[in-house]
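Quick note: the sequence shown uses this note's numbering, first residue 1, plus one each step.
Here is the structure we will look at, set down as structure tokens.
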Amino acid sequence: MAGTDKPKGRPWKEIRPVNAGAGRLAAFLRAQVDGSGKTLAVLAEEISYSKSQVSSLLSGRIPPQRFVASLIDATVPPPMRERRRSEADALLYEAVHPPRAAKPTARAAGAAVVDLAAVQAQQIETYDRLTRALEQQAELRQTAENSARLIWILLGMIHRLNDRVGALGRKRDQSAVRDKLARARSQQAKAESELGRAEEKKRQAEALAGRLQEQIAALTEELERLRGQSGGPAPADGLPDLAPPTPPATSPDPEGDDFDTALARATAINDTDGDTVHRITTELGEPAPAIVPDNPSTSPDTPNESARELRAEAEAAQEDGDFVAAARLYARLTEASAGHLGPDHPETLRSRREHAHCVAEAGEPATARDLTAALVSDQTRVLGADHADTLRSRYELAYYTCEASDFATARDLMAALLPDEARVRGADHRRTLTSRYAHAYYTGMAGAPTTAKALYEVLLQDQTRILGAKHPDTLNSRYEHAHFTGEAGAPATARRLLAALVPDRERVLGPGHPHTLVSRFLHAYYTARAGDAATARDLFAALVSYETRLLGADHPDTLLSRRHHARNTAKAGDPAAARDLYEGLARDQARVLGPDHRRTLVSRYEHARSTAKAGDPVTAHDLMTRLLADLERALGADHPDTVTGREQLAELRRRAAEAGSAPA
């Protein structure tokens, strides 16, 4: 495609690829641009790259994956986009992972020029070594770039998972929510693990690339010396092109959870880049990065089980949600790592961190808090107070403290972390913003909603400036700002804030996203708190209809919305409609939650009250009589709910008597 004229623009510059795969990728991407009819100026604006960057990346350099994906989206019509994206991904893989060049054989030079032939053979060998060193350096730089992008993506994912865990944690009494919470926490641990791997791969790749640069300089100097001796053409003139590798098999993006998909991709990238670093380390003769050694199957330290097997079993237990087993395995792995590598080795510290996480997921956040407090002390001593692992463990210490319901201490721990993160990472770093979000949340949960509201207001200004008003992190802060505004005594203001948030979340996340649905719920809730029961009733009715279609009538979120719909229907002055809503709700709650669940009993209580208000005190009396018997059996005669039911039954008996139809 070199030299092809672009519509409405100047001709393309010649493609000068770093390898054959990069050349094929550049030609393919140029063809998409040509087919779209867009100029570079228009394209650059659409994909958020400068015109010069686009031109350079389409001239044979290996572009980042984000550039390739953005260009395909901007130039290819939707019906063909998935196919072209797969083709581009295969070409990018080919460019990033070129095969080693086959070692060429020097041309026969004739008996009279044996010395010259020997020099040329040495020249070819040196050129081969230089070519390989350049290929290795390009691979390592791409690996470091991949890791840097992956670190950024994982930081954002961890923040979103923190939000999800926090939101689900507030509804953890529901069985379905507990399953979601366990899964989200498992994903959280996986994301943190992949983040640590990406950070380590980036460090290793950059260190190896630096060593290769020294080797490249020496080989270049040697090649120039040999060229001077031979007086012949550069050996590249007779070298074959790199043969393209077989493109990797592609498959359609599987349906399922977005986080699982993203984490699977992160793991694949880390695995691929880890293989690259390990292979090049081996080729250069460097010692491999230290890991916990694999013991033979007869090792007295861990009988019949290697350290690698222990880690694999622990990670598998995590994936399966068996955190009790995972905690036990990580405890054994920590002991093995400490014995082989020492208590202060990074692998030992990493295993301790995973152990604490699994202990928390197994339902013991207070123990996880204590384990993490000890880990922070050791990381500070070994790695330093400003090390990324130390800062991350301090964040987790505050998190586990919050999970142990000590919100005030969690708030204070996060307040102490904030200035250190701002100093080390920068005030505008995503992790610093995440910690500020957590600090505001813990402050509100510690009983200071007004202060939390003020903290979120300042955070929102910075997030809007750094991330944009519609960024998911900014939207999360807008949600909590509205929530604590309402809890601080301003439900009308909270209602207004949520009314503005709901359409933004629908546009950014989609109408069926959990964050969108919970925003709609809170909007209706604070509408009721602001005194507008009729509008709240209508908002809850619309939400129930949508959740029933999306989640099902028996889903815990749907049941909760149905309860508030019935409550606000009663408050809006329609007791007959409320009676019917409570009757259906109580029946479904008894089937889903159980007949003795408190929410089932509460709905039966409200059903009886609404029946009385609808003008049928006799039926209401019968309903309350049966309910009181169940309250006494399930909760006991002295429970406050039982006492309230007894008082309400007496009132209904009095009203039925006044109506002249007292029950026998």
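Just so you know, even glycine gets a beta-carbon here, dropped at the ideal spot from N, CA and C.
Bear in mind the structure is a predicted one, so any value in this text is a computation, not a measurement.
query: Own chain partners of residue 74 with C-beta closer than 8 Å, once the 5 adjacent residues on each side are dropped; result: 36, 38, 43, 46, 47
query: Three-state secondary structure (DSSP) of residue 171; result: coil
query: Backbone secondary structure at residue 76 - three-state DSSP; result: coil
query: Distance between residue 85 and residue 249 (C-alpha atoms, nearest Å); result: Any reading at residue 249 needs caution, since the residue's pLDDT is 41, under 50, leaving its predicted position unreliable; the model's value is listed next. Rounded to whole angstroms, residue 249 to residue 85 spans 13 Å at the Cα level.
query: DSSP state of residue 544 mapped onto helix, strand, coil; result: helix
query: Identity of the residue in 500, 517, 201, 322 nearest residue 280 by Cα; result: 201
query: Proximal residues to residue 192 (C-beta, below 6 Å), its chain only, five neighbours per side dropped; result: none
query: Selected residue, minimal CA-CA separation from residue 464, among 605, 135, 428, 407; result: 428
query: Integer Cβ distance of residue 323 from residue 361, believed to fall under 8 Å; result: 4 Å
query: Span separating the alpha-carbon of residue 13 from that of residue 71; result: 18 Å
query: Touching by the beta-carbon criterion (3+ pairs, under 8 Å), the region 381 to 396 and the region 412 to 422; result: yes
query: For residue 456, the first and last residue of its enclosing alpha helix (DSSP H); result: 449 to 466
query: Rounded Cβ spacing between residue 26 and residue 60 (contact assumed at less than 8 Å); result: 5 Å
query: C-alpha distance - residue 652 paired with residue 618, whole-angstrom precision; result: 8 Å
query: Alpha carbon of residue 542 to alpha carbon of residue 476, nearest angstrom; result: 23 Å
query: Beta-carbon gap between residue 641 and residue 601 smaller than 8 Å; result: yes
query: Proximity winner among 94, 79, 337, relative to residue 63 (alpha-carbon distances); result: 94
query: Selected residue, minimal CA-CA separation from residue 330, among 339, 313, 343, 320; result: 313
query: Exposure of residue 163, with buried meaning 16 or more beta-carbon neighbours within 10 Å; result: buried
query: Outcome for residue 393 when other beta-carbon atoms lying within 10 angstroms are tallied against a minimum of 16; result: buried
query: Environment of residue 444 [buried if 16+ CB atoms lie within 10 Å]; result: buried
query: Helix, strand or coil at residue 568 according to DSSP, with G and I counted as helix; result: helix
query: Local conformation of residue 477 per DSSP, three classes; result: helix
query: Contact set for residue 526: own chain, Cβ-Cβ below 7 Å, skip 5 residues either direction; result: 486, 491, 494, 495, 498
query: Coil, strand or helix - residue 12 by DSSP; result: coil
query: Proximal residues to residue 241 (C-beta, below 7 Å), its chain only, five neighbours per side dropped; result: At residue 241 the pLDDT is 36, less than 50, meaning the model places this residue with poor confidence; the figure from the coordinates comes in the next sentence. The answer, listed in chain order, is 20.
query: Residue 523 vs residue 544 beta-carbon contact at 8 Å; result: no
query: Per-residue burial, residue 52 [other beta carbons within 10 Å of its own, 16 or more giving buried]; result: exposed
query: Residue 533 vs residue 572 beta-carbon contact at 8 Å; result: yes
query: Proximal residues to residue 589 (C-beta, below 8 Å), its chain only, five neighbours per side dropped; result: 559, 597, 599, 600, 603
query: Cα-Cα separation between residue 186 and residue 624, rounded to whole angstroms; result: 44 Å
query: DSSP-derived helix/strand/coil call for residue 40; result: helix
query: CB contact flag (residue 689, residue 455, <8 Å); result: Residue 689 lies beyond the range of the chain shown here (1 to 664); nothing can be said about it.
query: Beta-carbon proximity check, residue 341 vs residue 359, cutoff 8 Å; result: no
query: Reduced DSSP secondary structure (H/G/I, E/B, other) of residue 190; result: helix
query: Alpha-carbon to alpha-carbon, residue 546 and residue 645; result: 34 Å
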